[in-house]
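Peer 1:
Numbering (the UniProt record's numbering), first residue to last: 1 to 280.
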């Protein structure tokens, strides 16, 4: 007797604004799915209705993902075709879903990507900054001190940096970025990509911060912030500062803690500071 085939989990990208960006394959997958696991079922229902799709929806978000996994895996083992979607763009990119994907793969269930829109990649494609190597950092911490600490840890990063930010904090984010990376470091603010009021601003971080602060319209919507990576001079300056701070801190703190704090203050790589201490 042959065993019933297992189902498949489809990770489906949906539009970030313009509905024409939904691919024919994604639309077919949503039409044929036995179940659609959605970050916000109301949001996804509006998308389905726009295309005349009748689908069975189940909620899957940050607060219930762990509880939903067993039930979804059981359906997949029974042969169900399940589509995983987020509110917009590619699932798992600063959105829920990785726990389900990991559990499905560990269970031997096939997981298939249905590619499409992603705000980070869309912004990077029009930024005019180096894109051969980049670091996606997602959303920065909401609180100012934690946000500045995270930015400081990236000050010497040579790759182009990509962040998501909300309308509530975009002005503070740019002010902090200009202060930590330097007002002359180049950046891009991509707002409401593919939507009616799409804007892409570029220039030195200090000028970008001032422009956004002066225009309330530029503080509305959803944002991708891109920052040019550190040059050799930036990295050398951060490392020099890190070495000085590390030398002072390690007289009073354990080596690992001294290296961590020196890295947070200077933006120099923690591992390099720690290893240099061991080499002395």
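By construction, the Cβ of each residue, glycine as well, lies at the ideal position given by its N, Cα and C atoms.
Please read these numbers as outputs of a predicted model, since none were measured by experiment.
Among 190, 126 and 113, whose alpha-carbon lies nearest the alpha-carbon of residue 90?
Peer 2: Locating residue 90 in the chain shown gives position 90, counting from the first residue. Of the candidates 190, 126 and 113, the one whose C-alpha sits nearest the C-alpha of residue 90 is 113.
Peer 1: How long is the line joining the alpha carbons of residue 18 and residue 118, rounded to whole angstroms?
Peer 2: Residue mapping note: residue 18 aligns to position 18 of the chain shown, counting from 1. Residue mapping note: residue 118 aligns to position 118 of the chain shown, counting from 1. Roughly 12 angstroms between the two C-alpha positions.
Peer 1: How is residue 197 classed by DSSP in three states: helix, strand or coil?
Peer 2: Taking the chain shown and counting its residues from 1, one reaches residue 197 at position 197. Of the three classes helix, strand and coil, the one that applies to residue 197 here is coil, per DSSP.
Peer 1: I'd like to know if the stretch 89-103 and the stretch 123-134 are in contact, where contact means that at least 3 CB-CB pairs between them fall below 8 angstroms.
Peer 2: no
Peer 1: If you compare alpha carbons, which of 222, 176, 210 and 71 is closest to residue 198?
Peer 2: The count along the chain shown starts at 1 and reaches residue 198 at position 198. Distance from the Cα of residue 198 is smallest, within the candidate group 222, 176, 210 and 71, for 222.
Peer 1: Answer with buried or exposed for residue 184, where buried requires no fewer than 16 other C-beta atoms within 10 angstroms of its C-beta.
Peer 2: One-based indexing of the chain shown puts residue 184 at position 184. Burial call: exposed.
Peer 1: Is residue 180 near residue 151, with beta carbons less than 8 angstroms apart?
Peer 2: As a first step, residue 180 is located in the chain shown; it is residue number 180 there, counting from the start. As a first step, residue 151 is located in the chain shown; it is residue number 151 there, counting from the start. Cβ atoms of residue 180 and residue 151: closer than 8 angstroms.
Peer 1: Looking at C-alpha atoms only, which residue of 42, 87, 62 and 63 is the closest neighbour of residue 56?
Peer 2: Taking the first residue of the chain shown as 1, we reach residue 56 at position 56. Checked all of 42, 87, 62 and 63; the closest Cα to residue 56 is 42.
Peer 1: Could you check where the alpha helix (DSSP H) with residue 63 kicks off and where it finishes?
Peer 2: To locate residue 63, count along the chain shown from 1; it is residue 63. Note, residue 63: premise wrong, no alpha helix (DSSP H); not H, not E.
Peer 1: Which one of 178, 143, 69 and 153 has the shortest CA to CA distance from residue 241?
Peer 2: Position 241 of the chain shown, counting from 1, holds the residue named residue 241. Considering only alpha carbons, the answer is 153.
Peer 1: May I ask you to list the residues that DSSP assigns as paired with residue 36?
Peer 2: What you label residue 36 is simply residue 36 of the chain shown in a count that begins at 1. In the DSSP output, where bridge partners are listed per residue, residue 36 has 57 and 83.
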